[in-house]
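K.L.:
Sending over a structure as structure tokens; questions will come in a sec.
Residue numbers (the numbering used here), protein chains in the order written: chain L, 182 to 272; chain U, 33 to 451.
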């Protein structure tokens, strides 16, 4: 089981959290004019990176807040966690 | 090298020579500078595709590239369950195509894949379950796939260790039974396809990782760069399961996949006690008994994407809790080992067997938590798609573009995670 550092509550076991997938996806600014290709991209295409990956987590069975984390998907080692709204790692 | 045919007579004959005269079942091939087609990924799906390319489409100058050893990925890590009771007609046709190929696979390959149609039973535990499961039963029968509804007593009769009492949190209220479903020996599937493909001239190249995909000015595939050198080829079929995103990324093609760890475990071997496959999506358990005697138990996916081939223990204990309630007789059994594999999951839980936007690049992926059952069918259709540069009618709906066009084939209920 992973130990995850919630930026609000500190170190907690994985079962207190739920996963939110890839981080820093931005909702389309002009949804009405967005084409099918771009919608598919936004809704379904994910980086699914093998390596360092920025992702969302939610401390669902704790403070309830969403936050972001950077994890290496080849080792499951967390490099950092930070509050939603803060800038992610440089790509 | 002519492949030795397996038969009772061959076994007897070699018994006289103390079994010293068996030859290796396939060659250890080294990569040639060029092939007519290259399959990336030496699991059951990839080896099968190479076999059907050679047997049905006359392409003999082809190679299967495997970065590890053949059958060492998800082919050797799954719980070997075979069924076709999916909800929609597209899926029913696809998975049933596979079941039909399973039924004659041992004879066709001259290799005992130990396919055993022992029946797959899916349990219902709530009113909602009953409605969903019955809907599946009716949909399956409309689509020509066998499935029947069992009352709890009938379920118990079919699978005597099952607890149908009221002493568990979610009592068994009924079940759906697909009698043509069952299990097969996963390693034998990889080995059988490898041997049969090799006999038709296919080069099976292990320890050969694809590190790049070269394209010409028009964008078409021209070659693959590998850890064992450059290989020229006009056609590349990617069948890399959990690593599909990585391989497709080499050609700049995005696929709607996320890779999750999926775990399974086996118990110590015991005498035959468990006659079928039992699955419960609601309380998440699935279990069968291998011919070696081990209980083979499938756990769930972990919550997060990962490439580590391992997962957390609480995922396994969650499944074992359910197993112990459903089959109290197994409560004191010890588990022998557990492991993880990386599965590529699509947003609608249906696979992709299709051409890609890149000319000469084809992909068979997105089988998520249940690709084993589809091995012969997927391989057969993938070979067709590669050879003819167009999909077979059965896999025509399973494109990447369906996510753009809105033609999803949402099998989340049939798949859940419990495959």
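Glycine residues also receive a C-beta, built at the ideal position from the N, C-alpha and C atoms. Fair warning: this is a prediction, and the values are worked out from it, not measured in the lab.
Under a CB-based cut-off of 7 Å, is residue 221/L close to chain U?
P.N.:
As a working note, residue 221/L is residue 40 in the first chain. Yes, because at least one Cβ of chain U sits closer than 7 Å to the Cβ of residue 221/L.
K.L.:
Say whether chain L places a C-beta atom closer than 7 Å to the C-beta of residue 435/U.
P.N.:
As a first step, residue 435/U must be located in the second chain, where it is residue number 403. Yes, residue 435/U counts as interfacial toward chain L.
K.L.:
Identify which residue in 245/U, 383/U, 151/U has its Cα closest to the Cα of residue 213/U.
P.N.:
The residue labelled residue 213/U in the question sits at position 181 within the second chain. The shortest Cα separation from residue 213/U among 245/U, 383/U, 151/U belongs to 151/U.
K.L.:
Can you check which of these residues, 416/U, 384/U, 413/U, is closest to residue 434/U by C-alpha distance?
P.N.:
Numbered from 1 along the second chain, position 402 holds the residue referred to as residue 434/U. Cα-wise, what sits closest to residue 434/U is 384/U.
K.L.:
Ends of the alpha helix (DSSP H) at residue 293/U?
P.N.:
Within the second chain, the letter at position 261 stands for residue 293/U. First-last for residue 293/U: 290-299, but that is the beta strand (DSSP E), not the alpha helix (DSSP H).
K.L.:
Considering only C-alpha positions, which residue in the set 282/U, 216/U, 35/U is nearest to residue 111/U?
P.N.:
Residue numbering aside, residue 111/U sits at position 79 when the second chain is read from its first letter. Residue 216/U is the option with its Cα nearest to residue 111/U.
K.L.:
Can you give, in chain order, each stretch of the alpha helix (DSSP H) that sits fully within the stretch 209-253 of chain U and has at least 4 residues?
P.N.:
As far as the stretch 209-253 of chain U is concerned, its whole alpha helix (DSSP H) runs of at least 4 residues are 218-231.
K.L.:
By the 7 Å beta-carbon criterion, what residues does the stretch 369-396 of chain U contribute toward chain L?
P.N.:
So the list reads 379, given in the order they occur along the chain.
K.L.:
Between which two residues does the alpha helix (DSSP H) harbouring residue 172/U extend?
P.N.:
Reading the second chain from its first residue, position 140 is the one you call residue 172/U. That run of the alpha helix (DSSP H) goes 159-174.
K.L.:
Can you pull out the residues from the stretch 242-254 of chain L whose beta carbon lies closer than 8 Å to at least one beta carbon of chain U?
P.N.:
Those residues of the stretch 242-254 of chain L that come within reach of chain U (Cβ to Cβ, closer than 8 Å) are 252, 254.
K.L.:
Ends of the beta strand (DSSP E) at residue 84/U?
P.N.:
Within the second chain, the letter at position 52 stands for residue 84/U. It is not in any beta strand (DSSP E) - residue 84/U instead sits in the alpha helix (DSSP H) that spans 76-89.
K.L.:
Residue 170/U: buried (16+ other C-beta within 10 angstroms of its C-beta) or exposed?
P.N.:
Reading the second chain from its first residue, position 138 is the one you call residue 170/U. Label assigned to residue 170/U: exposed.
K.L.:
Any idea what DSSP makes of residue 38/U, helix, strand or coil?
P.N.:
Working through the second chain from its first residue, we reach residue 38/U at position 6. It is coil, neither helix nor strand.
K.L.:
Classify residue 451/U as helix, strand or coil using the three-state DSSP reduction.
P.N.:
By 1-based counting over the second chain, the position of residue 451/U is 419. Residue confidence is low: residue 451/U scores 39 on pLDDT, short of 50, so the model does not pin down where it sits. Its coordinate-derived value is still stated next. Correct three-state label for residue 451/U: coil.
K.L.:
Just to confirm the assignment, what range does the alpha helix (DSSP H) spanning residue 100/U have?
P.N.:
On the second chain, position 68 is the one that residue 100/U refers to. Neither: residue 100/U is in no alpha helix (DSSP H) and is coded neither H nor E.
K.L.:
Quick one: which chain U residues come within Cβ less than 7 Å of residue 195/L?
P.N.:
Stepping through the first chain from its first residue, residue 195/L is reached at position 14. Ordered by position in chain U, the residues that pass the 7 Å Cβ test against residue 195/L are 344.
K.L.:
Looking only at C-alpha atoms, which of 379/U, 386/U, 381/U, 345/U sits nearest to residue 367/U?
P.N.:
Within the second chain, residue 367/U is the residue found at index 335, counting from 1. The option with the nearest alpha carbon to residue 367/U is 345/U.
K.L.:
Ignore the nearest five residues each way along the sequence and tell me which others in residue 488/U's own chain have a CB closer than 8 Å to its CB.
P.N.:
The question about residue 488/U has no answer, for chain U in this structure spans 33 to 451.
K.L.:
Check whether the Cβ atoms of residue 133/U and residue 408/U lie closer than 7 Å to each other.
P.N.:
Translated into positions along the second chain, residue 133/U becomes position 101. Translated into positions along the second chain, residue 408/U becomes position 376. Closer than 7 Å, so yes.
K.L.:
Show which residues of chain L have a CB atom less than 9 Å away from the CB atom of residue 303/U.
P.N.:
By 1-based counting over the second chain, the position of residue 303/U is 271. Those within 9 Å of residue 303/U in chain L number zero; the least Cβ separation is about 35 Å.
K.L.:
Measure from the C-beta of residue 225/L to each C-beta in chain U and report whether the shortest distance is under 7 Å.
P.N.:
Stepping through the first chain from its first residue, residue 225/L is reached at position 44. Yes, contact with chain U.
K.L.:
So residue 131/U is in the beta strand (DSSP E); what residue range does that whole segment cover?
P.N.:
Within the second chain, numbered from 1, the residue matching residue 131/U stands at position 99. Run containing residue 131/U: none in the beta strand (DSSP E); it sits in the alpha helix (DSSP H), 121-141.
K.L.:
Name the two residues that bound the continuous alpha helix (DSSP H) containing residue 356/U.
P.N.:
To locate residue 356/U, count along the second chain from 1; it is residue 324. Its alpha helix (DSSP H) spans residues 345-358.
K.L.:
Whole angstroms is fine: what's the gap from residue 236/U's alpha carbon to residue 226/U's?
P.N.:
Translated into positions along the second chain, residue 236/U becomes position 204. Translated into positions along the second chain, residue 226/U becomes position 194. Rounded to whole angstroms, residue 236/U to residue 226/U spans 7 Å at the Cα level.
K.L.:
Three or more C-beta pairs closer than 8 Å, one from the stretch 244-264 of chain U and one from the stretch 55-67 of chain U: is that the case here?
P.N.:
With the cut-off at 8 Å, the stretch 244-264 of chain U and the stretch 55-67 of chain U touch.
K.L.:
Can you find the residues in the same chain that come closer than 6 Å, C-beta to C-beta, to residue 122/U, ignoring five residues on each side of it along the sequence?
P.N.:
For the purposes of this step, residue 122/U is taken as residue 90 along the second chain, with counting starting at 1. Here the set comprises 429, 441.
K.L.:
Taking a cut of 8 Å between CB atoms, which residues from the stretch 256-290 of chain U lie near chain L?
P.N.:
So the list reads 275, 277, 278, 286, 287, 288, 289, 290, given in the order they occur along the chain.
K.L.:
Taking 7 Å as the CB-CB cut-off, is residue 257/L touching chain U?
P.N.:
Start at 1 with the first residue of the first chain, and residue 257/L comes out as number 76. Residue 257/L counts as touching chain U.
K.L.:
Report back the beta-carbon spacing between residue 241/U and residue 99/U to the nearest angstrom; my notes put them in contact at under 8 Å.
P.N.:
Here the question's residue 241/U lines up with position 209 in the second chain. Here the question's residue 99/U lines up with position 67 in the second chain. Between residue 99/U and residue 241/U the Cβ distance is about 4 Å, and since that is below 8 Å, they are a contact.
K.L.:
Do residue 269/U and residue 394/U have their C-beta atoms closer together than 7 Å?
P.N.:
In the second chain, residue 269/U corresponds to position 237, counting from 1. In the second chain, residue 394/U corresponds to position 362, counting from 1. Yes.
K.L.:
Rank 372/U, 234/U, 420/U by C-alpha distance to the C-alpha of residue 340/U and give the top, closest one.
P.N.:
For this step, residue 340/U is matched to residue 308 along the second chain. Taking only the C-alpha atoms, the option nearest residue 340/U is 372/U.
K.L.:
What does residue 217/L reach in chain U if we use C-beta pairs closer than 9 Å?
P.N.:
Counted from its first residue, the first chain places residue 217/L at position 36. Within chain U, the residues near residue 217/L are 436, 437, 438.
K.L.:
Could you please tell me which residues of the stretch 321-347 of chain U, in chain order, have their CB closer than 7 Å to any CB of chain L?
P.N.:
Of all residues in the stretch 321-347 of chain U, 335, 336, 337, 338, 339, 340, 344, 345, 346 have a Cβ within less than 7 Å of some Cβ in chain L.
K.L.:
Give the straight-line distance between the Cα atoms of residue 90/U and residue 352/U, rounded to the nearest whole angstrom.
P.N.:
Start at 1 with the first residue of the second chain, and residue 90/U comes out as number 58. Start at 1 with the first residue of the second chain, and residue 352/U comes out as number 320. Their Cα atoms are separated by approximately 48 Å.
K.L.:
Output, in chain order, the set of chain U residues within a Cβ distance shorter than 7 Å of residue 200/L.
P.N.:
Here residue 200/L corresponds to residue number 19 of the first chain, with the count starting at 1. What residue 200/L touches in chain U: 335, 336.
K.L.:
Of all the CB atoms in chain U, is at least one closer than 7 Å to the CB of residue 192/L?
P.N.:
Numbered from its first residue, the first chain carries residue 192/L at position 11. With 7 Å as the cut-off, residue 192/L does not count as an interface residue toward chain U.
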